[in-house]
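Novice: The structure under discussion is supplied below as structure tokens; questions concerning it will follow.
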Amino acid sequence: MRALVWLRRDLRTIDNTALIRAMDKVEQSSGANKGLIALFTVTQKQWQEHAVSAMQQQLIFRRLQALTRELAELKVPLHIEVVDSYQDCGSLIAQLCERMSIEHVFANSDYEFNEQQRDEQVKSRLESDNIGFTLCADKCVFAPGSILNKQGSYFKVFTPFKNSWLQRFDPAQLVVRKPVALATNGLFDARQALELPSNIDDSQVVHNNTTHNNATENWQVDTQSIINQLRLFSFQKANNYHDNRDVPSIKGTSQLSPYLALGMLSVRQCIARLLNGRHPQQLSEGEQTWLSELIWREFYQHLIYFQPKLCKGANFVAWCNNIRWQGDIEHLKSWQQGTTGYPIVDAAMKQLNQTGWMHNRLRMIVASFLSKDLLLDWRFGERYFMSQLVDGDFAANNGGWQWSASTGCDAQPYFRIFNPISQGKKFDPQGEFVKQWLPELQSVPDKYIHSPWLWEEFASLDYPDPIVDHKKQRQRALQMYKEAKNSEC
Ligand SMILES: Cc1cc2nc3c(=O)[nH]c(=O)nc-3n(C[C@H](O)[C@H](O)[C@H](O)COP(=O)(O)OP(=O)(O)OC[C@H]3O[C@@H](n4cnc5c(N)ncnc54)[C@H](O)[C@@H]3O)c2cc1C
183 MRALVWLRRD LRTIDNTALI RAMDKVEQSS GANKGLIALF TVTQKQWQEH
233 AVSAMQQQLI FRRLQALTRE LAELKVPLHI EVVDSYQDCG SLIAQLCERM
283 SIEHVFANSD YEFNEQQRDE QVKSRLESDN IGFTLCADKC VFAPGSILNK
333 QGSYFKVFTP FKNSWLQRFD PAQLVVRKPV ALATNGLFDA RQALELPSNI
383 DDSQVVHNNT THNNATENWQ VDTQSIINQL RLFSFQKANN YHDNRDVPSI
433 KGTSQLSPYL ALGMLSVRQC IARLLNGRHP QQLSEGEQTW LSELIWREFY
483 QHLIYFQPKL CKGANFVAWC NNIRWQGDIE HLKSWQQGTT GYPIVDAAMK
533 QLNQTGWMHN RLRMIVASFL SKDLLLDWRF GERYFMSQLV DGDFAANNGG
583 WQWSASTGCD AQPYFRIFNP ISQGKKFDPQ GEFVKQWLPE LQSVPDKYIH
633 SPWLWEEFAS LDYPDPIVDH KKQRQRALQM YKEAKNSEC
């Protein structure tokens, strides 16, 4: 048999369900003419539509080079093809299959609406050519759609979802499969297998209004380094995760999100390493908290699977469609550039713009600020995040934004509004994080670091006045949400 494995957001060889299924299938088939190729499709127009950040695209291209080598060790050549959009994938793959006499295509499922449509189109195109198409569940421990409540519906609250997840979870069944090189592959030419197409490099990156320096070098692309990072976190930091995870000046979280988002690492690898032979109940408090975050990731994947409207820009909660966002659109730029006059918000946005990553506590603070202080539609923020984040993941990003804007599933109630000053005082008391990203505030005493306009020497600083008054905006936000809720019929 000749097969093709189509890689998308699963850019790894270890524990890659579709790759290993395809390799098994080819290995077990009889006949002299057997072979397997891997394919990655660069879909620039689609990336532009989805606001995929330049940082994430660069990480993808860097990873493809490492992946080419890792696949070559398994005797699987990687083909990289450039097409405009998802609509072009069907004919591209059908032509490849015809040219190489491929009978079956394997891929891992994606759960976003456009991606599901893409796969349906590809499936029907291939089937009309008598080519098989198998989608594998790979992204989550439990496939989206498979965790249901007693009524047979999906969970709309995280804690019962998590309890159900934990109840079903059996560590003995958590297998991280390592592929073994194919004995023979008629489609593998050792001399050619390491050659990347000459048109695959940074010039392919589509820029979506980026402002940062696009430095992805801080992120690893070879599997061993990523696994080392996971190991270090599990052994050295996971125990203190519950204490440190909210402090942005400490590297207390794993910073594995770009790898999980692109599938350079699987969630099973993370959990297997964390458990290290133990049952979840035997984990320390910090370790259990980290496991919960991985389950949040699955919760949001389940949500987009059950509610495709989330991928089409809809609020999860129906009455939120009545919200009349009253903010000044001019403020969007100040928020994006980190010039709102609220240090914790501005420092966070500088971190995002310059590194492509932002600490989770800060994501919540800036998201709340955009929707509840600036009274701007959360979708502006959602898209801007995608255009900057190296770990941009539709489900987690949409879930995080809707949680913060109180429009989502199991979101925080609308009347809970983060105060950017007290959040700053609580999670960055000495302003260490703020001063790292806003050196112009270096001389501000701790007491005023989160409200520098109150400092007598504020006028000497090169730092803006607050663009809005938090107390006033809070009242406006409460009114805005209340009116929307009351107009529910
Ligand atoms: C407004 C907003 C937008 C967000 N956008 C994204 C996004 O585009 N991509 C993304 O991966 N995460 C997103 N998150 C979730 C979270 O902020 C990041 O996953 C986390 O900061 C990544 O850092 P880490 O790898 O050190 O996480 P850790 O704390 O070490 O957590 C481990 C992993 O669990 C997952 N995870 C952790 N928290 C969450 C969460 N709340 N929801 C879903 N998954 C989670 C991530 O895969 C993460 O890498 C967003 C959160 C908010 C509030």
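Per this note's numbering, the very first residue in the sequence shown carries number 183; after that it's consecutive. From the three backbone atoms N, C-alpha and C, an ideal C-beta is built for every residue, glycine too.
Could you give the DSSP three-state label for residue 393: helix, strand or coil?
Specialist: Numbered from 1 along the sequence shown, position 211 holds the residue referred to as residue 393. Bear in mind that a pLDDT of 48 at residue 393, under 50, signals an unreliable position, so the number given afterwards is only what the model happens to contain. Coil, per DSSP.
Novice: Give me the Cα-Cα distance between residue 511 and residue 663, rounded to the nearest whole angstrom.
Specialist: Counting from one through the sequence shown, the residue named residue 511 turns up at place 329. Counting from one through the sequence shown, the residue named residue 663 turns up at place 481. A direct Cα-to-Cα measurement between residue 511 and residue 663 gives close to 19 Å.
Novice: Would you say residue 341 touches ligand 1, meaning its beta carbon is less than 7 Å from a heavy atom?
Specialist: Counted from its first residue, the sequence shown places residue 341 at position 159. Not so, every heavy atom of ligand 1 lies at least 7 Å from the Cβ.
Novice: Checking 8 Å against the spacing of the C-beta atoms, do residue 260 and residue 249 come in under that value?
Specialist: As a first step, residue 260 is located in the sequence shown; it is residue number 78 there, counting from the start. As a first step, residue 249 is located in the sequence shown; it is residue number 67 there, counting from the start. It is a contact, given that the beta carbons lie within the stated cut-off.
Novice: Express the C-alpha separation of residue 586 and residue 594 in angstroms, rounding to a whole number.
Specialist: Taking the sequence shown and counting its residues from 1, one reaches residue 594 at position 412. Taking the sequence shown and counting its residues from 1, one reaches residue 586 at position 404. When rounded, the distance between both Cα atoms is 7 Å.
Novice: Given residue 392, which residues of its chain have a CB within under 6 Å of its CB, disregarding the five upstream and five downstream residues?
Specialist: Position 210 of the sequence shown, counted from the first residue, corresponds to residue 392. Residue placement at residue 392 is flagged as unreliable, the pLDDT there being 49, under the threshold of 50; a coordinate-derived value is accordingly withheld.
Novice: What residue from 233, 418, 461 has the CA that sits closest to residue 566's CA?
Specialist: Reading the sequence shown from its first residue, position 384 is the one you call residue 566. Nearest of 233, 418, 461 to residue 566, Cα basis: 233.
Novice: Whole-angstrom Cβ separation of residue 509 and residue 558, contact assumed at under 8 Å?
Specialist: Counting from 1 along the sequence shown, the entry for residue 509 is found at position 327. Counting from 1 along the sequence shown, the entry for residue 558 is found at position 376. Residue 509 to residue 558, Cβ: 4 Å. Contact.
Novice: From the DSSP output, in three-state form, read off residue 668 for me.
Specialist: One-based indexing of the sequence shown puts residue 668 at position 486. Residue 668 falls in the helix class under three-state DSSP.
Novice: Could you tell me which residues DSSP pairs with residue 290 in its beta bridges?
Specialist: Position 108 of the sequence shown, counted from the first residue, corresponds to residue 290. DSSP output for residue 290 lists 318 as bridge partner(s).
Novice: Should residue 208 go down as buried or exposed, given a rule of 16 or more other Cβ atoms within 10 Å for buried?
Specialist: Along the sequence shown, read from residue 1 onward, the residue named residue 208 stands at position 26. Residue 208 comes out buried.
Novice: Going by DSSP, name the residue or residues bridged to residue 222.
Specialist: As a first step, residue 222 is located in the sequence shown; it is residue number 40 there, counting from the start. Looking at the DSSP assignment, residue 222 forms a beta bridge with 189, 262.
Novice: Let me know the secondary structure DSSP gives residue 460 once reduced to three states.
Specialist: Locating residue 460 in the sequence shown gives position 278, where the first residue counts as 1. Looking at residue 460 - three-state DSSP - the assignment turns out to be coil, as it is neither helix nor strand.
Novice: I need the straight-line Cα distance from residue 400 to residue 618, nearest angstrom please.
Specialist: Within the sequence shown, residue 400 is the residue found at index 218, counting from 1. Within the sequence shown, residue 618 is the residue found at index 436, counting from 1. Cα to Cα, the separation comes out at about 18 Å.
Novice: Measure the C-alpha to C-alpha separation of residue 626 and residue 335 and round it to an integer number of angstroms.
Specialist: Looking up residue 626 in the sequence shown gives position 444. Looking up residue 335 in the sequence shown gives position 153. Rounded to the nearest whole angstrom, the CA to CA distance from residue 626 to residue 335 is 53 Å.
Novice: Does the distance between the C-beta of residue 520 and the nearest non-hydrogen atom of ligand 1 fall short of 7 Å?
Specialist: Sequence index remark: in the sequence shown, residue 520 carries index 338 (1-based). No, ligand 1 has no heavy atom inside 7 Å of this Cβ.
Novice: So, using beta-carbon positions, are residue 615 and residue 660 closer together than 8 Å?
Specialist: To locate residue 615, count along the sequence shown from 1; it is residue 433. To locate residue 660, count along the sequence shown from 1; it is residue 478. No, the Cβ-Cβ distance between residue 615 and residue 660 is not below 8 Å.
Novice: Mind checking residue 301: buried by the 16 CB within 10 Å criterion, or exposed?
Specialist: Position 119 of the sequence shown, counted from the first residue, corresponds to residue 301. Buried, since its Cβ has 16 or more Cβ neighbours within 10 Å.
Novice: Put residue 217 into one of helix, strand or coil per three-state DSSP.
Specialist: Indexing the sequence shown from 1 puts residue 217 at position 35. Residue 217: strand per DSSP, three-state reduction.
Novice: Would you call the stretch 567-576 and the stretch 263-273 in contact, with 3 or more CB pairs under 8 Å?
Specialist: Between the stretch 567-576 and the stretch 263-273, the count of Cβ pairs shorter than 8 Å is below three; the stretches do not touch.
Novice: Jot down the residue ranges of each uninterrupted alpha helix (DSSP H) in the stretch 484-547, minimum 4 residues, whole runs only, in chain order.
Specialist: 512-519, 525-537
Novice: What's the C-alpha gap between residue 309 and residue 285?
Specialist: Taking the sequence shown and counting its residues from 1, the one referred to as residue 309 is at position 127. Taking the sequence shown and counting its residues from 1, the one referred to as residue 285 is at position 103. Cα to Cα, the separation comes out at about 10 Å.
Novice: At a cut-off of 7 Å, would you count residue 586 as near ligand 1, judging by its Cβ distance to the nearest heavy atom?
Specialist: On the sequence shown, residue 586 is found 404 positions in, with the first residue counted as 1. Yes; taking the cut-off as 7 Å, the Cβ of residue 586 has a heavy atom of ligand 1 nearer than that.
Novice: For residue 341, count neighbouring C-beta atoms within 10 Å of its own C-beta (all shown protein chains included) and say buried if the count is 16 or more, exposed if not.
Specialist: Position 159 of the sequence shown, counting from 1, holds the residue named residue 341. Counting Cβ neighbours within 10 Å, residue 341 comes out exposed, since fewer than 16 surround it.
Novice: Would the stretch 602-616 count as touching the stretch 463-479 if we require 3 or more Cβ pairs under 8 Å?
Specialist: Cβ pair count under 8 Å is below three, so no.
Novice: Going by beta-carbon coordinates alone, are residue 462 and residue 348 separated by less than 8 Å?
Specialist: The residue given as residue 462 occupies position 280 in the sequence shown. The residue given as residue 348 occupies position 166 in the sequence shown. Yes, Cβ-Cβ distance for residue 462 and residue 348 is below 8 Å.
Novice: Are there any heavy atoms of ligand 1 lying less than 7 Å away from the beta-carbon of residue 567, as far as the coordinates show?
Specialist: Translated into positions along the sequence shown, residue 567 becomes position 385. Under cutoff, so the answer is yes.
Novice: Counting along the chain, where does the alpha helix (DSSP H) carrying residue 424 start and finish?
Specialist: Stepping through the sequence shown from its first residue, residue 424 is reached at position 242. Looking at the DSSP string, the run of the alpha helix (DSSP H) that includes residue 424 is 423-426.
Novice: For residue 353, count neighbouring Cβ atoms within 10 angstroms of its own Cβ and tell me buried if that reaches 16, exposed if not.
Specialist: Indexing the sequence shown from 1 puts residue 353 at position 171. Flag for residue 353 reads exposed.
Novice: Checking 8 Å against the spacing of the C-beta atoms, do residue 323 and residue 449 come in under that value?
Specialist: Looking up residue 323 in the sequence shown gives position 141. Looking up residue 449 in the sequence shown gives position 267. Taking 8 Å as the Cβ cut-off, residue 323 and residue 449 qualify as a contacting pair.
Novice: Output yes or no for whether 8 Å exceeds the beta carbon distance between residue 221 and residue 185.
Specialist: Here residue 221 is taken as the residue at index 39 of the sequence shown, counted from 1. Here residue 185 is taken as the residue at index 3 of the sequence shown, counted from 1. For residue 221 and residue 185, no; Cβs fall outside 8 Å.
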